[in-house]
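Protein chains in written order, with this note's numbering: chain A, 1 to 114; chain B, 1 to 114.
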């Protein structure tokens with residue numbers, strides 16, 4: 001039981017490049033989400049999904065795309081990387097319709113855009 | 001605008017002392033208030049959570065106090081230990097829409113000195 005797996009752990013991109021951050025969970029969780037963590041800003045919600053085929057925007061969605069074709073996977077795409085997207089990205093999952101289970105977070109992807 | 005305001009930004013406590021972290025929220029639709037603990041290089045992990053139908057919840061050395069009228073909640077760590085040194089995030093969520101979407105505070109970096 002791996003939990004939430006994020007790849008890669010580290011990435012350096014040049015401005016304008018595109019890339020996909022991968023997130024996979026093996027707990028059959030309905031709800032998955034992407035957060036970015038910046039110093040002094042906490043964790044800000046980028047996009048989230050309540051099930052396969054259903055996604056919605058969070059607090060800071062600009063510059064990012066998501067899709068959810070399976071329950072297990074929730075990739076985050078950076079369309080044209082900008083230095084302002086330098087951050088640590090976390091994927092999280094949970095059972096959606098209950099407070100009895102907390103979020104399970106991945107170990108993060110540290111992204112630097114130069 | 002930050003929907004969940006957390007203070008202080010950093011905190012230094014001596015071993016055996018009490019650590020207190022405070023959070024405030026505006027949205028009265030929030031009805032779930034968890035705290036997450038994050039160690040360096042790791043994703044956040046659920047520590048303790050409270051619903052607004054109770055004013056206090058205790059788990060071991062960790063206690064959440066909740067003041068619904070003031071829209072404030074706090075985390076108290078009793079007998080703080082060096083192993084408690086981590087970043088702590090408060091969060092708020094609601095099940096409106098059928099899913100638990102969490103909004104996080106900016107985080108508090110706690111250092112417990114021996």
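Note that the Cβ used here is the ideal one computed from N, Cα and C, for glycine as well.
Annotation: residue 69 of chain A is outside any beta strand (DSSP E) and is labelled neither H nor E by DSSP. Residue 32 of chain A is bridged by DSSP to A:49, A:93. Between residue 103 of chain A and residue 47 of chain B, the C-beta spacing is not below 8 Å. The alpha helix (DSSP H) runs of length 4 or more contained entirely in the segment 27-86 of chain B do not exist; there are none. The Cβ-Cβ distance between residue 12 of chain B and residue 80 of chain B does not fall below 8 Å.
Only buried fits residue 74 of chain A, as 16 or more other CB atoms lie within 10 angstroms of its CB. Leaving aside the five residues that flank residue 108 of chain A on each side, the residues in its chain whose CB is nearer than 8 Å to its CB run, in chain order, 6, 9, 37, 88, 89, 90. Taking a C-beta distance under 8 Å as the contact criterion, residue 50 of chain A and residue 25 of chain A do not qualify as a contact pair. Residue-level contact by beta carbon fails for residue 14 of chain B and chain A, as no gap is shorter than 8 Å. Sequence-distant Cβ neighbours of residue 65 of chain B in its own chain, meaning closer than 6 Å and more than five residues away, are 56, 74. At a beta-carbon threshold of 7 Å, the residues of chain A lying near residue 34 of chain B are 102, ordered along the chain.
Counting C-beta pairs with one atom in each stretch, the segment 17-31 of chain B and the segment 28-44 of chain A have fewer than three that are closer than 8 Å, which means they do not touch.
Residue-level contact by beta carbon holds for residue 43 of chain A and chain B, with a gap shorter than 8 Å. Among the residues of the segment 38-64 of chain A, those with a Cβ less than 8 Å away from any Cβ of chain B are 40, 41, 42, 43, 44, 45, 48, 50, 58, 59, in the order of the chain.
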